[in-house]
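For reference, the structure discussed in these notes is given below.
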């Protein structure tokens, strides 16, 4: 950019700059930081001293080049070089800034220090003496130091412009850590740093890896020791760049300089990336408290003392919180400038979501409960810090749903955290503390004296409603939340509220909750919205169709709100047989509440004349409800109405669609547009539909849905294919449903008939390389001149394809996964997108499909471990004596076993004898991987019973109630000889 300053301002110091540049061009000093001692200089001099980056080597080079006798030279401007008219301070400042831009860093720093020294006035001599004493006290030989001789400008000149130029030079050259040190000195010495410049410094120092990572301090991993300080300290930082950025923000707060949300966003994001979760939580906590003080100061300035005297009584909790805010306000007024309160940025909920998202990622890791992990401990402690903000009333806004969701997703265990109780740090069990807080928060909705809570928004109320039903199994608590929404906040239940009630009623077996949710979505008969009955139009949620009501309603909808009046409500009320205080006693007590408490949430019935518009979550919850209550066949009948994009899949199974309509049922859009709509459906809908089709045994329709789902999954990772859609993976439940479909078909064992052509149209797939389903088997059967293919062979062939597709974690999207790192940063919503990993349920379905069933005896309902162990010992002894191996070994089964062992799962005991003499690792016994227990609060500790033909699993969603199967008569079986 062309310079618009005067010629004199641009050229006056040029001779001096050129002279010093030639002498010091080869100086590569890294500018070590040497701070002045605060005890040896007055406060006024401290605000006007730049000595951090004054290099020692630079001063020695001045001594070597400037004087032959060892005496330092004076770098003052000569009279003959000065302009005929004296320059103003502004002109000198601009000229010095131009010189700084042209100099190397040591010379530029010398000019900046000289400018700053010119503002001392009468304190120059004292400042030089203090500088000399400070350098002597460092312990290095004195002859390496030279007395500082500044440039004489003849008048005080502001160094702010030159300092900013020097700071920008350091950032451009990649000296981010030196730039942060220099920015700290500018703030300490009273120079106001521009907002954009400070943001650039913080961004540069957070993005750099200068100095590497510090040693991780495991102070939080042992909470039984002495109580730590929940304040910022050097031990909490893992990266020195983050510590430097925090010091800049802290100094800006102390000096009253402007701070922005972008600065905190940059630092918090960098801390979360490096695992410094506690630092991020403490930063947000300080920001929320400062904003609360700012709001209190603004309210105090606009308040009327006469009106406050006549105000109503304040609850005790609110009075204590207000007293704490007033005390903090008085402290900030006494110790900080007034601008520090004024320039406090707003604690945005986006920052809170980033922190809680990182905490939930730490909770989602697969870690044995008996193994201590520092990341899990720090995540728990960070969540405790955020919980304390709500508990103490420091969060003024009601958008606390991210914290609530992280609280009830916290895993069970003995992890302990630190919290303040009456201004003292105490150690508490994290899981108990979090759930007690949530219970107290729900009760405070009716009794505000329990806790000073903010006015909750829609999402926070829905989160508490979900917690009341799914974790506490209490319809009464859910009714209290609904009463708060309707009466206190004046909220009309939205579609998310109805989705929570619908899904929770299905899982808890409460038809009254389901009926209440259906009434909120279904319009009354004869109303204007009757045609839109659970028929979502595809919009932002992914639906844009209207289909008629084809029996999707549950067969029994009860208007009564008391479950005891429900004839279908036949869940027995358990008796309290467990010992008080144990997890099983807590679960039995919750079951008593669930069966006895009515859901009376309609004291103020919402206006249902305008029904809610169903979204994707509503359809998924409704499909799951029908699949759980015996209505999966209804989903198969209206499948092409729910997902009309299925017509683009070449498959012979059309379900309930008549033959005459198959050729006329075509989409009015192209194949690409149909795939775009399929991407918008999302993985949850495909998984729910596959589950329903697997339960009703519709394998052909399930294959059609599977092909469309895998194609949509593949194109979702193509950037720009579906604007506005995030990439996704099919969950592991979808793979399990397909394996269960084929396993059910293999158990039937019925041979397929010969194919005879009668002159009709023979179905031929369009793309043989992409269609791998039952339709392809039928086509190959016709091409093989009438080969008989039974169901088991076809199911095993298809199951092997699904298995290879899963083990490779989605071969269909392998090319797109190569660019996964470039796609994810541009799409923040993909933070929770994870590749599907095989779990115990999937391996059980695979073993059920590929087991040597035709040669195995019928299984006993409950086999004992001793019998399986005796049979394995007999097989080992037989192999040692005769060397004979099992004749039922299958190479595909061994492929499954190898994949199981690779993922850390052992082979069930009943299959180990098949691999004796073939695969020694399969005969080893070791416990299966156990992840963190994230089951609902009221659920007991999962019990894993002995299953000789399957891996142990536990219920984490539905009620953990076993089916009562009587034991068979006991028989004594003699061991084989």
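In my numbering, the protein residues as written are 312 to 1288.
Ideal placement from N, C-alpha and C gives every residue a C-beta, glycine not left out.
This one's a predicted model, so the numbers in the text were calculated from it and none came from an experiment.
Less than 9 Å between the beta carbons of residue 812 and residue 828, yes or no? The answer is yes: Cβ separation under 9 Å.
7 Å Cβ shell around residue 494 - same chain, five flanking residues per side excluded: Scanning its chain for C-beta atoms nearer than 7 Å, with the 5 sequence neighbours on each side dropped, one finds around residue 494 the residues 478, 504, 509, 512, 559, in chain order.
Note down, one range per segment and in chain order, each alpha helix (DSSP H) of at least 4 residues found wholly within the segment 468-506. Inside the segment 468-506, DSSP marks whole alpha helix (DSSP H) runs of 4 or more residues at positions 471-483, 487-499, from first to last along the chain.
Pair every Cβ in the segment 895-902 with every Cβ in the segment 1222-1235, then say whether three or more of these pairs are closer than 8 Å. By the Cβ test, the segment 895-902 is not in contact with the segment 1222-1235, since fewer than three Cβ pairs between them sit closer than 8 Å.
What residues in its chain sit with their C-beta under 6 Å from that of residue 1260, if we drop five residues either side in the sequence? Excluding sequence neighbours, residue 1260 sits near 1219, 1221.
Go ahead and label residue 1046 buried or exposed: buried means 16 or more other beta carbons lie within 10 angstroms of its beta carbon, across all protein chains shown. Buried, because 16 or more other Cβ atoms sit within 10 Å of the Cβ of residue 1046.
Could you tell me which residues DSSP pairs with residue 727 in its beta bridges? Its beta-bridge partners are 740.
Can you check the segment 926-1001 for any alpha helix (DSSP H) of at least 4 residues that lies completely inside it and give the ranges in chain order? Assignment of alpha helix (DSSP H) within the segment 926-1001, counting only whole runs of 4 or more residues, yields 927-939, 943-948, 950-953, 970-973, 982-992 in chain order.
Given a threshold of 16 other Cβ atoms within 10 Å of its Cβ, counted over all protein chains shown, does residue 601 qualify as buried or as exposed? Residue 601 is classed as buried because its beta carbon has at least 16 other beta carbons within 10 Å across all chains shown.
Exposed or buried, what is residue 1192 when buried is set at 16 or more other beta-carbons lying within 10 Å of its beta-carbon? So residue 1192 ends up on the exposed side.
Boundaries of the alpha helix (DSSP H) in which residue 719 is found, first to last residue: Taken as a continuous stretch (DSSP letters only), the alpha helix (DSSP H) holding residue 719 covers 712-719.
Cβ neighbours of residue 381 in the same chain (closer than 6 Å, five flanking residues each side left out): No answer about residue 381 holds up, because its pLDDT of 41 lies below 50 and its placement is not dependable.
Keeping to the same chain, check which residues put their C-beta closer than 8 Å to that of residue 674; ignore five residues upstream and five downstream. In chain order, 687, 690, 717, 720, 721, 722, 1243, 1245 place their CB closer than 8 Å to the CB of residue 674, counting only its own chain and leaving out the 5 sequence neighbours on each side.
So is residue 1051 buried or exposed if we call it buried at 16+ other beta carbons inside 10 Å? Using a 10 angstroms sphere on the CB of residue 1051, the tally of other CB atoms reaches 16 or more, which defines it as buried.
For residue 585, I'd like the list of residues in its chain whose CB is within less than 8 Å of its CB, leaving aside the five on either flank, ordered along the chain. The residues are 524, 549, 550, 553.
In whole angstroms, what separates the C-alpha of residue 956 from that of residue 984? Distance between the alpha carbons of residue 956 and residue 984 is about 9 Å.
Our contact map puts residue 959 next to residue 982 with C-beta atoms below 8 Å; I'd like the distance itself, whole angstroms only. Contact between residue 959 and residue 982 holds: their C-beta atoms lie close to 5 Å from each other, under 8 Å.
Taking the C-alpha atoms as reference points, what is the distance between residue 699 and residue 591? Straight-line Cα distance between these residues: approximately 15 Å.
Alpha-carbon spacing of residue 467 relative to residue 429, whole angstroms: Approximately 5 Å between the Cα atoms of the pair.
DSSP beta-bridge partners for residue 732? Its beta-bridge partners are 735.
What is the rounded straight-line gap between the Cα of residue 929 and the Cα of residue 991? Between residue 929 and residue 991, the C-alpha separation is close to 15 Å.
Below 8 Å on the Cβ atoms is my guess for residue 709 versus residue 771; work out the distance and round it to an integer in Å. A Cβ-Cβ distance of about 6 Å is found for the pair residue 709 and residue 771, placing them in contact under the 8 Å criterion.
Determine the DSSP secondary structure at residue 462, reduced to helix, strand or coil. Of the three classes helix, strand and coil, the one that applies to residue 462 here is coil, per DSSP.
Count the other C-beta atoms from every protein chain shown that fall within 10 angstroms of the C-beta of residue 1272, then say buried if there are 16 or more, exposed otherwise. Taking all protein chains in view, the Cβ of residue 1272 is surrounded by fewer than 16 other Cβ atoms within 10 Å, so the residue is classified as exposed.
Nearest-angstrom Cα separation, counted from residue 1270 out to residue 1026: Their backbone Cα atoms lie some 37 Å apart in a straight line.
First through last residue of the alpha helix (DSSP H) which encompasses residue 1370: Any property of residue 1370 remains undetermined from this structure, which presents the chain solely from 312 to 1288.
According to the Cβ coordinates, are residue 938 and residue 1006 closer than 9 Å? A Cβ-Cβ contact shorter than 9 Å links residue 938 with residue 1006.
Would you grab the beta carbon distance between residue 910 and residue 786 for me? Rounded to a whole angstrom, and I think it's under 8 Å. Indeed they touch by this definition, with Cβ atoms about 4 Å apart.
Same chain only: Cβ atoms within 6 Å of residue 426, ignoring 5 sequence neighbours per side: Excluding residues within five positions, the ones whose Cβ falls inside 6 Å are 407, 468, 470, 473.
Which listed residue (781, 814, 578, 567) has its alpha carbon closest to that of residue 514: Closest in C-alpha terms to residue 514, from the list 781, 814, 578, 567, comes 578.
Classify residue 360 as buried or exposed, calling it buried when 16 or more other Cβ atoms lie within 10 Å of its own Cβ. A caution first: residue 360 carries a pLDDT of 41, below 50, which makes its placement in the model unreliable, though a value can still be read off. Counting the other CB atoms within 10 Å of its CB gives residue 360 a total of 16 or more, which places it among the buried residues.
Nearest by alpha-carbon distance to residue 823: which of 750, 1000, 1146, 908 is it? For the residues 750, 1000, 1146, 908, the minimum Cα distance to residue 823 belongs to 908.
Spatial distance of residue 666 from residue 715 (CA atoms): Between residue 666 and residue 715, the C-alpha separation is close to 13 Å.
Check whether the segment 1198-1217 and the segment 1152-1166 touch, using three or more Cβ-Cβ pairs below 8 Å as the test. Contact between the segment 1198-1217 and the segment 1152-1166 is established, with three or more Cβ pairs separated by less than 8 Å.
Just to confirm my understanding: we take residue 403, look at its own chain, exclude 5 residues before and 5 after, and list those with CB closer than 7 Å. What are they? Taken in chain order, the residues that qualify are 464, 468.
Under the three-state reduction of DSSP, which class applies to residue 898: helix, strand or coil? Correct three-state label for residue 898: helix.
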